[in-house]
Amino acid sequence: MDTNTIVVLLQSTIRVSVPLILTALAGLYAERSGVVDIGLEGKMLAAAFAGAATAAVTGSAITGIGAAMLVSVAFSLVHGYASISQRGDQIVSGTAINFIAAGATVILGQAWFAQGGRTPALSADARLSTYKLPGADAVRDVPVLGPIYSDLLSGHYLLTYFAFAMVPITWWVLYRTRFGLRLRAVGENPGAVDTAGISVVRMRYLAVICGGMLCGLAGAYLSMALANGFVKNMSAGRGFIALAALVFANWKPKNILITCLLFGFLDALSIYSQNADLPIMGSIPDQAIQALPYVLTVILLAGFIGKASPPKASGVPYVKER
Amino acid sequence: MSDFAIELKGIDKRFGAVHANKNINLQVAKGTIHGIIGENGAGKSTLMSILYGFYQADSGEIFISGQKANIKDSKAAISAGIGMVHQHFMLVENFSVLENIMLGAEESAILTKGITKARAELKRLEEQYEMEVDPDAIIEELPVGVQQRVEILKAIYRKADILILDEPTGVLTPAEADHLFRILAQLKEQGKTVILITHKLREIMAITDEVSVMRRGEMVATRKTSETSVEELAELMVGRRVLLHVEKGEANPGEVKLSVRNLTVRDSRGVTMVDNVSFDVRAGEIVGIAGVAGNGQSELLEAIAGMRSATSGTVTLSGQPVDVTGPGDPAAMRRRGLAHVPEDRHHTGLVLKFEEAENAMLGYHGDRKFGQSFLLDVEAIRKDAMEKIEQYDIRPPNPRLKTANFSGGNQQKIVLAREMERNPDVLIIGQPTRGVDVGAIEFIHKRIIEMRDQGKAILLVSVELDEIRSLSDRIIVMFAGRIAGERNPDASEGELGLLMAGVEQKLEAAQ
């Protein structure tokens, strides 16, 4: 493989990693607070639809992003109400969201746009725009470093830069702020938070709202950047991959970046290997590569690579004990 | 200004059918250590949780330093100057000491500034109260005694003037407990008010200025510690009940059916619950184990029944040795002629959501009489249940009724019928009449005597001293996991009370 191929492969790795990073971080906020969020997939899908539909109608990308986040947060609040206020089963609630999102997006899409569940193709203004880093064109011809700067690092969507920036920001929030301290505590021992005079319910709602916003951005990225409009079931399991990445990353922001890039790379590789026979490997079915993130996660959970240590109170509704 | 740090008036709290606190009045003088003593389940923890805003009282008033306080949550309690060290520590285990201390009292949205301040303040408090803790240590790596110190520091850091400690010594070694008492004395010296909840009389006598006794949700007495005695407190705690008269003849003890030797049981935290206990139960006699709840009786029963593995020791059942140190196997114990009526019928004795008939054969569903193949013979099960219902006068006589809908006494009869009708050689019974109405108590007592007269070996554990005295042929008193002594059933209540309080043991040790 020459430099160009590698750059192309890495470029597409970055492109497909973005929704994974945003969604995994969304899951991180929720699960660190003790709310298991299996509905990431559904929220992302619903947000993708809301974003594309709104952008198509209004012609404004910003409005589209706003709508995507709004819808995703709304779903988060439903999940929060079921699992925090009503102390319901978090898996059931999350699964319900996945089903509702899968069905409702198609039905509403057909009802509103009559294009077989798609939303109309977005105009240039309604899509997310890319951003060229300063001097990108000037250094393109510099060997090795040139393509890396101009093609790999430059020319991505603003949301891409935002997603990558969110990793250190999340780390900072988690470990350097009052909100983060309480968030981590409420996912480990809500009793300690309650007796410290902090509302467990409020903390958990705040956490799922954070998750909802990030998930909304991931959805907007899918339909307004990666694609040019909403297509039925376009999240295609990314929410679950993100969930796997979250587990694989042991609920830590820095690891999430690495894991999502790894999983993204596998995804990029599977796209790449569809049209080209790879040296050494020859051609392998892309399903095998697509399944790899899950396989790796299962191997991790089985204890072969380090030890997964989820937040202790994750998935457990908080009930004051007698 | 009032002289009372805390004054409770008419506090009342129910949890469904359980009346946990009945019209509680309490006054705690400023700058004193006030003990609240009572058996497990007497309502002490509930009362303190109300004071700390963890629960809301159904009715009643709380006054802090003479001011009426509305403690609607823990936050309100903290700002009223109340701090609490819970029985199960409220610490985030993978956080550092400093993070735990700061949680909820961070001062600013970004931690950096607060951390420096908290570190300095923590150091100051450590010196003032002589409690050394490494602020950067991770909680789960610290011994429990130190974790408890962190809890105390957490409260003081929040400027608590009133410190509540709920059963603080349960998880501590004697040395750690002594250290804790030194800290509490220090706190008192510095003008703090301490409320100490415990069921251990020794601690009350050692450290408190005043003591209040709770029994079955009621505050039965308050005494100056200097003017009371262990005997009086023990009696107040256990309570005198109308002596139930049980007709019984002389026992005819036969051969040894159950033999326990050097049994030691440690719980999951490594605390010794049963300490080198040995005794025999013969056919045709009832051996009663008396003791204040929490002195190892429950663990002893569970170890013998195969529900909990012992650390060391041997149990012999009808002459055959039983492996009690391995993983327990209650089913094997049952097959070998041991029947067990567990102490807590709701959690271990019954499945409340099941029909009466299902509970009446629970654990014996493999019997051929309940089905020849892998299918259960529902008709046979109901017929069997109906027979038991008639024999034990279980009401309502409906084998298809959900067990949760029976009264406590009838639920207990379902368990007794199931275990007694197996015709076991050895019957071990925990709290046969807890939460049972008087009519059923009489019936149950009669049945137990009948079983004895049929030549069964019966081991009875009860926290009701009267019950032990009226049923047993021999009484073993447990204190702190050990056998404090053995007495005849005609021993006086006072004498047994002393043993239950561990007094004689101390005297023996001193001699």
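If you read the sequences in order, they're chains A and B.
Sequential numbering from -11 applies to the first sequence in the numbering used here.
Sequential numbering from 187 applies to the second sequence in the numbering used here.
Glycine residues also receive a C-beta, built at the ideal position from the N, C-alpha and C atoms.
Item, Value
"Through-space distance from B:V424 to B:K208, alpha-carbon basis", "17 Å"
"Whole-angstrom distance between B:F592 and B:M572, CA atom to CA atom", "15 Å"
"The stretch 276 to 310 of chain B: positions lying closer than 9 Å to chain A by Cβ", "M276, L277, V278, E279, N280, F281, E285, N286, M288, L289, G290, A291, E292, E293, S294, A295, I296, L297, T298, G300"
"Any chain A beta carbon closer than 8 Å to B:D530", "no"
"A:V316 - partner residues in DSSP beta bridges", "The question about residue 316 of chain A has no answer, for chain A in this structure spans -11 to 310."
"Pairwise C-alpha distance: B:D611 and A:Y69", "55 Å"
"Within 8 Å, strictly: CB atoms of A:A279 and A:N238", "no"
"Ranges of the alpha helix (DSSP H) found wholly within the stretch 209 to 263 of chain A, counting only runs of at least 4", "226 to 236, 241 to 263"
"Straight-line gap, B:K588 to A:E176 (C-alpha atoms, nearest Å)", "37 Å"
"Cutoff 8 Å: A:R192 Cβ touching any chain B Cβ", "no"
"Whole-angstrom distance between B:S658 and B:L503, CA atom to CA atom", "20 Å"
"Chain A within 8 Å of B:S260, Cβ atoms only", "yes"
"Boundaries of the alpha helix (DSSP H) in which B:P585 is found, first to last residue", "Element bounds for B:P585: n/a, residue is neither H nor E."
"Selection from B:I634, B:R494, B:F629, B:Q483 that minimises the alpha carbon distance to B:R668", "B:Q483"
"Exposure label - B:F275; buried when at least 16 CB within 10 Å", "buried"
"A:T118 classed as buried or exposed, judged by whether at least 16 other C-beta atoms fall within 10 angstroms", "exposed"
"Chain B contacts from the stretch 170 to 183 of chain A (Cβ-Cβ distance under 8 Å)", "R170, R172, A173, E176, N177, G179, A180, V181, D182, T183"
"Within-8 Å CB hit, A:G185 to chain B", "yes"
"Residue nearest to A:V307 in terms of C-alpha spacing, selected from A:S187, A:I(-6), A:E19", "A:S187"
"Residues of its chain near B:P507, where Cβ-Cβ distance is below 7 Å and the 5 sequence neighbours each way are ignored", "T500"
"Which of helix, strand or coil DSSP assigns to A:A109", "coil"
"B:L429 (DSSP reduced to helix, strand or coil)", "Confidence in B:L429 is poor, its pLDDT being 48 and thus under 50, which makes the residue's placement too unreliable to answer from."
"Any C-beta of chain A under 8 Å from that of B:M270", "yes"
"8 Å Cβ cutoff, B:F240 in contact with chain A", "yes"
"Closer than 8 Å to chain B by CB, A:K240", "no"
"Interfacial residues, the stretch 62 to 77 of chain A to chain B, with Cβ spacing under 7 Å", "none"
"Minimum C-alpha distance to B:A590 - residue among B:L538, B:V399, B:R554", "B:L538"
"Segment limits, beta strand (DSSP E) that includes B:M400", "396 to 401"
"Below-8 Å beta-carbon distance, B:A203 vs any chain A residue", "no"
"Short-range partners of chain B found in the stretch 220 to 239 of chain A, where Cβ spacing is below 8 Å", "none"
"C-beta neighbour in chain B for A:T165, strict 8 Å", "yes"
"Of the residues A:F218, A:H67, A:S223, A:I277, the one placed nearest A:Q103, counting alpha carbons only", "A:F218"
"N-terminal and C-terminal residue of the beta strand (DSSP E) that B:S445 is part of", "442 to 452"
"From A:T247, A:G22, A:S211, residue whose alpha carbon lies closest to that of A:S5", "A:T247"
"Cβ neighbour criterion (16 or more within 10 Å) applied to B:V397", "buried"
"Cβ of B:I264 within 8 Å of any chain A Cβ", "yes"
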